[in-house]
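Engineer: I have a structure here, written as structure tokens, and I will follow up with some questions on it.
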Amino acid sequence: MNRYPAWKNLLIVTILVVGTFYALPNLFGEDPALQITSARGFTLPLDLEANINDALMVENIKYKGREQQGNRLLYRFNSPEEQLLAADVLKDALGEQYVVALNLAHSTPGWLRVMGGKPMTLGLDLQGGVHFLMQVDMDTAKGQMLDRVVNDIRTALRSERIRYVSVRREGTGILVLLRSAQDREGTLNIMRKDQSLLALDVNEVETGEHFGLSVKVREQQLVELQQTALKQNITTLRNRVNELGVAEPVIQQQGKDRVVVQLPGVQDTVQAKKIIGATATLEYRAVDEAHDAFTAAQTGRIPPESRLYYRRTGEPVLLKKRLIVSGDQLIGASSGFDQQTGQPQVSVTLNGIGAKRMLDFTRNNVGNRMAVVYIEQKSGGRKIEEVISVAVVREPFGKRFQTTGLDSMNEASQLALLLRAGALAAPMEIIEERTVGPSLGADNVAQGFKSVMIGFILVLLFMAIYYRVFGLIADLALFFNMVLLISLLSMLGATLTMPGIAGIVLTVGMAVDANVLIFERIREELRNGNTPQASIRAGYDKAFSTIADANITTLIAAFVLLLFGTGPVKGFAVTLSLGIVTSMFTAIMGTRAVVNLVYGGKKRVGKLAI
């Protein structure tokens, strides 16, 4: 009686050992660190470390450790003061070619990291980080919408062979000038049939010798544009931050045109702005075959329908102003190597509209050249526009094709990431910026840790005094419950926040509650005259259904909070749900195994210390 089979004892011991192993990384803390990466994803040169060491040596700055993780260098320092001083020195020494970002690097030993051990991820309120309040520039979004309508009208008129004087933006609307009343009537018929132009208010206007149409975008369409732009920007920001590895960011709407972005663990606001404000994209444009680019660059005489661009080598390229496809029409992108040349490439997939435009252009321009323009918005309003590829169209293509001309596989991967994450539907401006320093985070961690420890110790004392030996067994189970909970949070990469700590405190009480039910049932069986062995068995068996009911209902509530909650509510739900699972294991299986070891088997027990 009261004896587990060997396999069950082995299972319990294995789970406890594994849990303890993966909870260990949380004991080693973090080091102030600097992360150095290429600003454009290039491979780090071999002499970079020597240059960094020389720059630090000149200022007599000593670092604690150095390691290379993929295509980045990580330097650890002994104090935040040395970290900040080194950051200023290296930013001046390395220039804009490299990004020097402040970081907090885990001090987990190498042998633990090899086994997958990592500490818990702390939220913004515990670890520190950056908080941005961003406002969507809806005026620019409306302007972009009018530009698209202008291009759509021009394309429709060309396809129907209607000659027009001009189609241009005028104020908040569009003015279409035509040569005759017949052309105006034909244009009206086109705009009534074209699905993309139906949501427009069109009125005839007289403009001297020309026949004009005044085109206005309806107010309802502008409202829908604002809502769509805001939702797309939130989705794009979340995709970018997630793919770039920032753990558990908070990205949510505030009001009609604002977005809150919180990035835990990021100390460098410049780096954070680079992450969330990246606007790298591609444009596909036709090469102006009728004019010479070198002549245009030397004389400054650029045809009105063309624009002068430059390749990375400085070679001028004359491209048509009319855009074929832009980055916001890309729905997929992946990096790889060209099978014929072995050069890095990005495989691109277009949406329906983009695929049709690309197919129409390539079908009519076989033998002509098409250029790929790389565009990146830098901080401070600086914009980089460079031609990365000029290729001859050999055959028509539409939805899927490859873009080459990239300098490295890392650059191809970075470009594919930004294209895959999507383009911002409208520009965004940071109107509020706050940095939560590590000192505030440390205070919150200390307060949270103190609250957990006070609750933990009080529960331990109560159980030991009130239930004696059985209380000590429950205390042991409670300790391993905390160990297992911390190990699960570490292994799953869940983010611990202040509400999460509240969930841990609640878990401590609920874990002991199961043991209280079991121990009171054992006491009741003893009062009824049952033997100690029978009382132990009855206590665990009969209390199990009550414990299971209480924990399952709480678990359902935690799952609901997890599904529908946001931010702090999710942090509370995660720790609560994981805590319920671990407490069920330790409070029932764990304590039963120890009780069996102390009182079970063939031992003759006259009295229980309960």
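Heads up, the final residue of the sequence shown is numbered 611 in the numbering used here, and it's a clean run with no missing numbers.
We put the CB at the ideal spot given by N, CA and C, even for glycine.
1) Can you give me the Cβ contacts of V349 inside the same chain, cut-off strictly under 8 Å, excluding the 5 residues immediately before and after it?
2) Taking DSSP's pairing of strands, which residues face S160 in a bridge?
3) Short check: CB of G449 to CB of M499, under 8 Å?
4) Could you give the distance in angstroms between the alpha-carbon of D55 and the alpha-carbon of L91?
5) Mapping DSSP to helix, strand and coil, what is N171?
6) Does the distance from the CB of Q136 to the CB of R259 come in under 8 Å?
7) Measure the C-alpha to C-alpha separation of K603 and R4 and round it to an integer number of angstroms.
8) When you compare only the Cα positions, how much space is there between L95 and M585?
9) For G174 and L147, I'd like the C-alpha separation in whole angstroms.
10) Just how far apart, CA to CA, sit V513 and I474?
11) Would you give the residue range spanned by the alpha helix (DSSP H) that N597 belongs to?
12) So what's T109 in DSSP terms, helix, strand or just coil?
13) Report buried or exposed for A610, applying the criterion of at least 16 other Cβ atoms within 10 angstroms of its Cβ.
14) Touch check for the segment 99 to 110 and the segment 18 to 32: three-plus C-beta pairs under 8 Å?
15) Given 8 Å as the limit, is there contact between the segment 211 to 223 and the segment 121 to 135, that is, 3 or more CB pairs closer than that?
16) Whole angstroms is fine: what's the gap from K143's alpha carbon to K257's?
17) Identify, in the order they occur along the chain, each residue of the same chain with its Cβ nearer than 6 Å to the Cβ of A413, setting aside the five sequence neighbours on each side.
18) Let's see if you can read the secondary structure: which residues bound the alpha helix (DSSP H) around P569?
19) Taking buried to mean at least 16 other C-beta atoms within 10 Å of its own C-beta, is R351 buried or exposed?
20) Inspect the CB distances between the segment 163 to 182 and the segment 462 to 474 and report whether three or more fall short of 8 Å.
21) Is there a Cβ from chain B that is less than 8 Å from the Cβ of Q299?
22) With three or more C-beta pairs closer than 8 Å as the rule, is the segment 119 to 128 touching the segment 488 to 505?
23) Can you tell me where the alpha helix (DSSP H) with M192 in it begins and where it stops?
24) What residues match up with K1 in a beta bridge as DSSP calls it?
25) Quick one: what's R370 bridged to in DSSP?
26) If I measure Cβ to Cβ from I354 and keep anything under 8 Å in the same chain, skipping five residues before and after, which residues do I get?
27) According to DSSP, is P317 helix, strand or coil?
28) By how many angstroms is the C-alpha of Q183 removed from the C-alpha of E161?
29) Looking only at its chain, what residues have a beta carbon closer than 6 Å to the beta carbon of G20, apart from the 5 residues adjacent to it on each side?
30) Based on Cα-Cα distance, which residue from A549, E525 and D550 lies nearest to R538?
31) Along the chain, which unbroken stretches of the beta strand (DSSP E) at least 3 residues long are found entirely within the segment 69 to 101?
32) With DSSP collapsed to three states, give me the class of E526.
33) Given that a residue counts as buried once 16 or more other Cβ atoms are within 10 Å of its Cβ, and exposed if not, what is T208?
34) Over what stretch of residues does the alpha helix (DSSP H) that includes Y541 continue unbroken?
35) Taking only three categories from DSSP, how would you classify F133?
36) Assign R522 to one of two classes, buried (16 or more other C-beta atoms within 10 Å of its C-beta) or exposed (fewer than that).
Structural biologist: Taking the coordinates as given:
1) For V349, where only same-chain residues beyond five positions count, the Cβ hits under 8 Å are L283, L331, G333, A334, R401, F402, Q403, T404 and L420.
2) Answer is none; S160 lacks a bridge partner.
3) Taking 8 Å as the Cβ cut-off, G449 and M499 qualify as a contacting pair.
4) Rounded to the nearest whole angstrom, the CA to CA distance from D55 to L91 is 10 Å.
5) Note on identity: in this sequence residue 171 is Glu, with Asn being the wrong assignment. In the structure shown, E171 sits in a strand (DSSP, three-state: E or B).
6) Yes, the Cβ-Cβ distance between Q136 and R259 is below 8 Å.
7) Going from the Cα of K603 to the Cα of R4 covers about 9 Å.
8) If I take the Cα positions, the gap works out to 55 Å.
9) For G174 and L147, the gap between their C-alpha atoms comes out near 7 Å.
10) Rounded to the nearest whole angstrom, the C-alpha separation of V513 and I474 is 11 Å.
11) Per DSSP, the continuous alpha helix (DSSP H) segment holding N597 begins and ends at T592 to Y600.
12) Secondary structure at T109: coil, using DSSP grouped into helix, strand and coil.
13) Only exposed fits A610, as fewer than 16 other CB atoms lie within 10 angstroms of its CB.
14) The answer is yes - the segment 18 to 32 touches the segment 99 to 110, with three or more Cβ pairs under 8 Å.
15) No, the segment 211 to 223 is not in contact with the segment 121 to 135.
16) Going by the C-alpha atoms only, they are around 15 Å apart.
17) Apart from the 5 residues on each side of it in sequence, A413 sits with its Cβ closer than 6 Å to the Cβ of S336, P345, V347 and L407 in its chain, given in chain order.
18) For P569, the enclosing alpha helix (DSSP H) starts and ends at P569 to M585.
19) In the sequence as displayed, the identity of residue 351 is Leu instead of Arg. Under this definition L351 is a buried residue.
20) Too few Cβ pairs lie closer than 8 Å, so no.
21) In the structure shown, chain B cannot be found, because there is only a single protein chain.
22) For the pair of segments examined, the segment 488 to 505 was found to touch the segment 119 to 128: the number of CB pairs separated by less than 8 Å reaches three.
23) Here the alpha helix (DSSP H) through M192 covers A182 to K194.
24) Past the boundaries of the shown model lies residue 1; the chain is included only from 2 to 611, so the question cannot be answered.
25) According to DSSP, which records beta bridges pairwise, R370 is partnered with V393.
26) Same-chain partners within the cutoff: Q330.
27) When secondary structure is reduced to three states using DSSP, P317 falls in the strand class.
28) Cα to Cα, E161 sits roughly 13 Å from Q183.
29) The residues are V484, L485 and S488.
30) With distances taken between CA atoms, R538 lies nearest to E525 out of A549, E525 and D550.
31) Those beta strand (DSSP E) runs which fall completely within the segment 69 to 101 and span 3+ residues are 73 to 77.
32) Here E526 carries a helix assignment [DSSP, helix/strand/coil].
33) With fewer than 16 other CB atoms across the displayed protein chains lying within 10 angstroms of its CB, T208 is exposed.
34) P533 to F565 is the span of the alpha helix (DSSP H), which, as asked, contains Y541.
35) Here F133 sits in strand by DSSP.
36) Buried, because 16 or more other Cβ atoms sit within 10 Å of the Cβ of R522.
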